[in-house]
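The listed protein sequences correspond, in order, to chains A and B.
Numbering-wise (my numbering), the first sequence opens with residue 1 and increments by one.
Numbering-wise (my numbering), the second sequence opens with residue 1001 and increments by one.
Structure first, commentary second.
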Amino acid sequence: MLDRREFLKISGATAFAALFGGCERMPQKLIPFVIPPEHYVLGESLWYASACRQCPAGCGIVVRNSAGRAKKIEGNPLHPVNRGKLCARGHAGLQALYHPERLGRPLRLDGPRGSGKFKEIPWEEALNLLLSGLKKVRAEAPSSLLMLTDPMRGHRNLVAARFMKGFGSPNRVAWDPFGQDAQLAANEAVYGVRDLPEADLAGTRYLLSFSGDFLETGISPVHYGYAYGRMRQARPTVRGKFVHLGPRLSMTAANADVFLPIALGTEGFAALGIAHVLVKEKLTRAAGNASALWEAGLKEYTPEEVGKRTGAVPEDLVEVAREFASNQPGLALAGDGAASCTNGVFHLSCVALLNVLAGNVGKTGGISFPDRLAPFSGRGAEAGLLLPPPGSGYEDVRDAIGKMGKGAFRLAIFSGDTNPAFTLAPSLSFREAFLSVPMIVSFAPFLDETSSLSDLVLPTPTYLEEWWDDIAPVGHGGAVTFGQPVVPPYRDTRPMPDVLIAAARELGGPVASALPWGSSRECIEKTYAGMGIRLEEAHRDGGVFPGKEAASRPAPKAGKPSLPQVSEASFEGDPARFPLLLHVYPSISLYDGRGANLSWLQELPDPIATAVWRNWVEVNPATAAKFGLSDGDGVTVSSPYGSITAFLVLHPAIAEGVAAMPLGQGHTRYGRNAVNRGDNPYRLLPSASEGASRAPARQSTRVSLARTKLSGALVRTVSTEGQWLYENIL
Amino acid sequence: MKHRWAMVIDMDRCTGCGACVVACVAENNTAVVGEEMAAQGRLMQWIRVVRYWRVEHGETRAVFVPTPCMQCENAPCEIVCPVYATYHDEDDNLNAMVYNRCIGTRYCANNCPYSVRVFNWFDYKWEKPLDEQLNPDLTTRSRGVMEKCTYCIQRIRRGKETALKEGRPVRDGEVLPACAQTCPPGAILFGDLNDPESAVSRIMKDLRRFRLMEHLGTEPRTVYLKRMRGPGR
């Protein structure tokens, strides 16, 4: 018999068990929180200010967080770089955060090296592997540690740099295929400042662009896009005029009032032709005093002579020179197409010379050099680590590849924001050399061509899930941007600086004392609190934005212009066998290829070709006719270094004798969205360097085209036929 | 409070960069269709940037025309819908779309001279966990339903509710569709024509103003400002 006491005992226990049983199954419909976590407010959205890392421009963002999930990225209206605006790539950052193929557990090689076969292991095991590798290397030869990353900024870079220094290895390489080496070298030669200038587009009256790509993929496309809109329509009586010279009508060029086609690799000569007219006709005060320049050789660059070299109409150059001089302040800019020739520094120096001759240096509406590191003036030599010069690191990469071949490295640490196995010329044999390093540890959110070569992959959070700070390369005079997690870390990931700090603590010795913090967050917060910055406010605003711009630094050489060392662009390949010059440009949506795994970007039509999901090659209709090719044909593009296939797109405003291809497609390992989307144009490129700055010279090879049968067709999305004829709609 | 929302696209500012397209996709739960569907003209994007080649004085130029829904006052799409799925909203004067009513006749898309309506030929799926990103302010659409640009009606509603709560009219610039908010050169302007002080009301008097296919008499509320050319050539 069950007495009353027993009955109550049993029913109490059952009720207790039922309570726990309920916890095992997740309720599907009810929100199971009595006291919800901090970030979870039903029906209300929270907005977190952070920063974008989809390209190196360093825009500020605010992210909408609803019920603990990131819903939308928008520009941060307070941020001086992008003023509340954002580009397509910035929006697509959400797809990286919630990507189905993101790595959520450490991976250990489970097959032959380079096979891309991995198995998941726990973090403890992964960290022990890393640590034992580091310990072994430090005991034997600390300098045989290699660290290969993207060019990091802020305290992420400081932690990496201090780690390597404390560890005792000088082999730190940062690779950015679109680094600004040529720009830096030219600015040093012409202005006397080795830095990126602040170009005041919004205030200029006349914008002269030499293969400029500032509206699509340049240093800071949103910053310049915003300023461009203001240049055109924000002033009541002035509408800035925009003239573009270059081999191809790009998206940026399409916005120009006048597009003057010139041959590939002749931008510098066109600029000298304009300078010739300025000096000859004494159109500005600086040009009137430039007789030394004239005698040094400028007098030879008559518009007729320059016309012969570049294909420009001499009268156009004269007219442009006169307009440029009479519409001050003006601005002359050059872009990647000019900078990545074998004589890129020559081109960029000549363009900079125009700014000097027109007297645009240090003026509103012209060029200036603000001290962007002004807030860190008390930091001494380490301030430079927070905003390192935005170079490509090409020389270091080549050097490291050479050393890899000689067995100089025993352990390589790689950070997956850059993808050298995809973006380096094939003749450098990066993949083979990298695989000769006995142990490779990658920090990466995805498996791409390079991180899949590793022995150990440590998954990192996206930039939306970590604490970091940034100093943008252009667009401000001393702003510091703060990045913070906008959602709780979505996968079991750890930021690279945190792992480095933890590893340093375990290693002990000088590397531990170089990184005396508990985490990267502590490192950032201690530093800025020490500078008197109120962190809560800084995180609310997304950074510290001084209302008053820092004083501009002087440009000491701008007063005494000298003629840049003249050099010709060279192109590899026999003109008889390879009749066309190859022009490659970064894709507006995929950038250097890093956006190729995001479907929003794959499905964003290219502004000019209107193509989606695939690669193409552009030629002039007259050039295509010579080869017997027509629009949409499959073609093989061959250079002395390799052959790839692509679909042909007729581009009515590209110089004859040029074949142009966007970079970014052609992945072999970067997830479902990225692979099998055509071939990789980087595989056509020689390993040539720019002559003076040692940056990669991408515009340096000839190619030939031959018809090939390709399955499928290039998808172009925009119809301008039928009812959509231009005459019909307007 | 009645509104007459309008959009002004300044072609002299537009650079053709496509930020508006991706901003719209992110805001409005628009499906990604893939290469095969795109080849059949089934992209689901609500705004497209049309690129025209123009030859002027022997020079070839490209012209970008961003094309969202025109929100016509005399909308050809409304009069052909047999089930009133697309109708003229009285409060906001918008050309609205009730997804639940739509039976997929596609008459509206057929009758839209601007080809801005897109049809869900399939149930497009968001592979997990990409669905975590979906905007909670609006639904996803299922197979057989027509959809198009709404001027971000969810943002208009939110703006109106906030104003109501605070007991004031909606401020000019308070409500912005995702495209206008993100546009780097500021080419897209949005506001209420019933407010004579609003930026769009003022810019409606701009001499550069024109409307797409004006001769059809659809009275679009998305208007354009002509691209200018500088002096000289």
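Where is the CB? At the ideal position from N, CA and C, for every residue including glycine.
Here the structure is a predicted model, which is why all the values come from computation and not from measurement.
- Query: Taking one C-beta from the segment 79-87 of chain A and one from the segment 44-64 of chain A each time, how about it: are there three or more such pairs within less than 8 Å?
  - Reply: yes
- Run the CB neighbour count on arginine 232(A), radius 10 Å, all protein chains shown included, and call it buried at 16 or more, exposed below. buried
- Does the Cβ-Cβ distance between tyrosine 191(A) and valine 345(A) come in under 9 Å? no
- Query: By a C-beta neighbour count over all protein chains shown, 10 Å radius and 16 as the cutoff for buried, is glycine 218(A) buried or exposed?
  - Reply: buried
- Nearest residue (CA-CA) to proline 426(A), options Arg102(A), Pro696(A), Pro388(A) and Ser66(A): Pro696(A)
- Residues that arginine 707(A) bridges to, as DSSP identifies them: Val635(A)
- Message: Here's the rule: buried if 16 or more other CB atoms are within 10 angstroms of the residue's CB, otherwise exposed. What is histidine 651(A)?
- Response: buried
- Message: Using 8 Å for Cβ pairs, my map puts glycine 1016(B) next to proline 607(A). What's the rounded Cβ distance?
- Response: 4 Å
- State the beta-bridge partners of asparagine 157(A) as determined by DSSP. Answer is none; asparagine 157(A) lacks a bridge partner.
- Message: Please report the straight-line C-alpha distance between glutamate 432(A) and leucine 730(A), rounded to a whole angstrom.
- Response: 57 Å
- Query: Helix, strand or coil: how does DSSP classify histidine 814(A) here?
  - Reply: The first residue shown for chain A is 1 and the last is 730, placing residue 814(A) beyond what the model contains.
- Query: Using a Cβ-Cβ cut-off of 8 Å (strictly less than) and excluding sequence neighbours within five positions of lysine 280(A), which residues of its own chain qualify?
  - Reply: Trp294 and Lys299
- Helix, strand or coil: how does DSSP classify leucine 1216(B) here? helix
- Cβ of proline 607(A) less than 9 Å from any chain B Cβ? yes
- Query: Considering only C-alpha positions, which residue in the set Arg669(A), Arg577(A), Ala558(A) and Val584(A) is nearest to tyrosine 699(A)?
  - Reply: Looking at the sequence provided, one finds glutamine at residue 699(A) rather than tyrosine. Of the listed residues, the one whose Cα sits closest to glutamine 699(A) is Val584(A).
- Task: Would you give the residue range spanned by the alpha helix (DSSP H) that asparagine 187(A) belongs to?
- Result: 181-190
- Message: My assumption, with CB atoms under 8 Å, is that alanine 57(A) sits in contact with proline 564(A). Please give the rounded CB distance.
- Response: Going by Cβ atoms, the distance from alanine 57(A) to proline 564(A) rounds to 28 Å, so no, they are not a contact pair.
- Task: Kindly list the residues whose CB is nearer than 6 Å to the CB of alanine 352(A), restricted to its own chain and excluding five residues on each side of it in sequence; keep chain order.
- Result: Ala186 and Val190
- Query: According to DSSP, what are the bridge partners of lysine 165(A)?
  - Reply: The partner list for lysine 165(A) (beta bridge, DSSP) is empty, contrary to what the question assumes.
- Query: Using a C-beta to C-beta distance shorter than 9 Å, which residues of chain A count as neighbours of proline 1220(B)?
  - Reply: Within chain A, no residue comes near proline 1220(B); the closest Cβ sits about 11 Å away, beyond 9 Å.
- Below 9 Å between beta carbons: does that hold for glutamate 618(A) and valine 649(A)? yes
- Message: Per DSSP, what are the beta-bridge partners of methionine 1146(B) in this structure?
- Response: Phe1119(B)
- Message: At the 9 Å Cβ level, is tyrosine 1052(B) part of the contact set with chain A, yes or no?
- Response: yes
- Any idea what DSSP makes of cysteine 1179(B), helix, strand or coil? helix
- Spatial distance of glycine 543(A) from threonine 310(A) (CA atoms): 46 Å
- Query: Applying the criterion that 16 or more other CB atoms from any shown protein chain within 10 Å of the CB defines a buried residue, is aspartate 1137(B) buried or exposed?
  - Reply: buried
- Query: Among Arg669(A), Gly90(A) and Gly384(A), which residue has its Cα nearest to the Cα of tyrosine 591(A)?
  - Reply: Gly90(A)
- Query: To the nearest angstrom, how far is it from the Cα of proline 489(A) to the Cα of aspartate 448(A)?
  - Reply: 21 Å
- Thinking just about the alpha-carbon of each residue, which of Ser519(A), Phe409(A), Phe647(A) and Lys626(A) is nearest to the one in aspartate 633(A)? Phe647(A)
- Message: I'd like to know whether the C-beta of histidine 583(A) is nearer than 9 Å to at least one C-beta of chain B.
- Response: no
- Contact residues within the segment 1104-1123 of chain B, judged by C-beta distance below 9 Å to chain A: Pro1113, Tyr1114 and Ser1115
- Message: So aspartate 1012(B) contacts chain A; which residues on that side make the cut at Cβ distance below 8 Å?
- Response: Arg232, Gln233 and Arg239
- Opening and closing residue of the alpha helix (DSSP H) in which serine 340(A) lies: Here serine 340(A) belongs to no alpha helix (DSSP H), and DSSP marks it neither H nor E.
- Secondary structure at glycine 644(A), three-state DSSP: helix, strand or coil? In the sequence as displayed, the identity of residue 644(A) is isoleucine instead of glycine. Three-state DSSP puts isoleucine 644(A) in a strand.
- Message: Using 9 Å as the threshold, is the C-beta distance between leucine 580(A) and glycine 657(A) below it?
- Response: yes
- Message: Residues of chain A with CB closer than 9 Å to the CB of phenylalanine 1210(B), please, in chain order.
- Response: Leu730
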